[in-house]
Amino acid sequence: MSTSRNPPPPWHGWLALGLLPIAVLVVAPATWPRWALMWVLSIALFAGCKWLTWRRRRVIDAPGWLHVAYLFAWPGLDADGFLRSRPGFARHAVPRREWVGAGVKAALGIALFWGAPRLLPADHPLAVGWLGMIGFIFIAHVGLFHLLSCAWRTAGVNARPLMLRPLASQSLAEFWGRRWNTAFRDLTHRFLFRPLTTRFGPRTALVVGFVFSGLVHDLVISVPAGGGYGGPTLYFLLQALAMMLERSRRGRRAGLGAGWRGRGFTVLVLAVPVPLLFHPPFVRDVVVPFMHAAGVP
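Per numbering that gives the first Met the number 0, the sequence shown runs over residues 0 to 296.
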């Protein structure tokens with residue numbers, strides 16, 4: 000059994016999350032390529048999130064190396080779940096097909112990122128950029144991070160996959176709440192949704208959580224691109240409004256939260272406004288130059 004401490008004060012850990020991105024914006028040279036600013040901002044935000052979850056952890060008796068592993072060798076944001084592990088004592092048998100599936104997805108991502116764009120005309124930068132973004136998601140989030148999860152679970156560490164078959168979602172609530180990027184979901188659910196639900200109710204908490212996500216994406220997408228401001232925030236606000244419709248009496252009566260209707264509604268709400276999230280300035284001026292820097296002609 001892991002020893003737990005009393006929860007720290009609510010303000011503990013937030014300072015780094017606020018200061019690190021500001022520091023990047025202050026000290027970043029104007030000569031940096033836009034994609035470099037995007038990556039450094041992303042790393043700064045992720046480091047702030049990591050610090051917040053670790054600073055607010057309840058587990059206190061985990062071995063020191065496991066703390067280091069959580070901070071530097073695992074992209075998830077559930078510190079207590081990771082640190083409650085007992086490596087070497089409760090090993091999980093990860094099925095071979097899961098290892099193979101994760102490797103295949105990473106290989107598919109490599110093909111999409113470095114191979115498929117070569118088949119497109121050079122005068123279609125948006126198409127090239129979209130292939131690159133999809134490929135990178137398969138390489139990292141769907142492929143390599145899943146392989147890392149398999150490795151940690153084989154060693155007895157509680158490192159849940161961050162992507163849990165998102166294409167199987169039959170509702171927006173299922174997609175955002177249980178299947179897509181569970182690391183960010185763990186963060187927002189613990190530090191925003193639950194406290195705000197207690198104080199203001201679930202609807203306000205839902206909207207604030209999605210707007211926060213939108214602002215974060217605006218910071219790492221629109222700011223480096225120098226355009227498209229507000230698009231990512233509007234995208235996530237639309238997700239919140241659509242989820243409220245899905246959960247409403249009328250939405251339940253229409254079957255928007257389950258079955259083929261729920262699946263269709265989910266795809267519609269996610270896909271149609273996605274140009275607000277990954278807007279042309281970002282794709283054209285950040286993603287495509289990054290792909291060129293990574294060796295894509």
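Where a beta carbon is used, it is the ideal one built from N, C-alpha and C, also for glycine.
From a predicted model like this one, the values you see are computed outputs, not experimental measurements.
Check residue i in the structure and name its three-state DSSP category.
i	result
V58	strand
V153	Contrary to the premise, residue 153 reads as Thr rather than Val in this sequence. The answer is helix: DSSP assigns T153 an H, G or I state.
G294	coil
D122	coil
Q297	Beyond the ends of the chain as shown, which are 0 and 296, falls residue 297; an answer cannot be given.
H278	coil
S168	coil
V76	It is worth fixing the name first, because residue 76 is Leu in this sequence and not Val. L76: coil per DSSP, three-state reduction.
V285	helix
M243	helix
P272	coil
A22	helix
G17	helix
M0	With a pLDDT of only 48 at M0, under the threshold of 50, the placement of this residue in the model should not be trusted, and no figure is reported.
M162	coil
A115	helix
R83	coil
T52	helix
T265	helix
H11	coil
L143	helix
L255	coil
A29	coil
A92	coil
Counting contacts by CB-CB distance shorter than 8 Å, is residue i in contact with chain B?
i	result
E97	In summary, chain B is missing from the structure at hand, where a single protein chain is found.
On the criterion of 16 or more Cβ atoms from any shown chain inside 10 Å, does residue i qualify as buried, or is it exposed?
i	result
W73	buried
T232	buried
G225	exposed
I21	exposed
G63	exposed
V25	exposed
H145	buried
L111	buried
H11	exposed
M0	Because the pLDDT of M0 is 48, which lies under 50, any placement of that residue in the model is unreliable, and the number read from its coordinates should be weighed accordingly. By the 10 Å Cβ count, M0 comes out exposed.
L14	exposed
A292	exposed
V141	buried
T187	buried
W151	buried
V67	exposed
V99	exposed
W34	buried
W129	buried
L119	exposed
Can you determine whether any heavy atom of the ligand FMN sits closer than 7 Å to the C-beta of residue i, and answer yes or no?
i	result
A172	Ligands displayed in this structure: none; no statement on the ligand FMN is therefore possible.
Am I right that residue i and residue j are in contact with their C-beta atoms under 8 Å? What's the rounded C-beta distance?
i	j	result
I59	G108	That pair is no contact at about 38 Å.
L76	C48	6 Å
A167	E245	About 17 Å separates the two Cβ atoms, so there is no contact after all.
V273	S41	At roughly 19 Å, the Cβ-Cβ gap does not stay under 8 Å, so V273 and S41 are not in contact.
V303	G131	For residue 303 there is no data in the structure shown, the boundaries of the chain being 0 and 296.
V287	A239	Contact flag wrong, Cβ pair sits at about 30 Å.
G256	S148	That belief does not hold up - the Cβ atoms of G256 and S148 are roughly 28 Å apart, past 8 Å.
A204	F192	5 Å
M162	W179	7 Å
L83	N157	In the sequence as displayed, the identity of residue 83 is Arg instead of Leu. That pair is a contact at about 6 Å.
M243	R202	6 Å
A78	W53	5 Å
M290	P94	Their Cβ separation, rounded to whole angstroms, is 34 Å, which puts M290 and P94 out of contact at 8 Å.
Check whether the region 120-130 touches the region 270-290, counting contact only when three or more Cβ pairs, one atom from each stretch, lie closer than 8 Å. Judged by Cβ distances under 8 Å, the region 120-130 makes contact with the region 270-290, as three or more pairs qualify.
Beta strand (DSSP E) runs contained entirely in the region 180-232, provided each spans 3 or more residues: Listed in chain order, there is nothing to give.
Whether or not the region 196-214 and the region 232-249 are in contact is what I'm after, with contact meaning three or more pairs of Cβ atoms, one per stretch, closer than 8 Å; do they touch? Touching, yes.
Taking one C-beta from the region 258-275 and one from the region 94-106 each time, how about it: are there three or more such pairs within less than 8 Å? For the pair of segments examined, the region 258-275 was found not to touch the region 94-106: the number of CB pairs separated by less than 8 Å stays below three.
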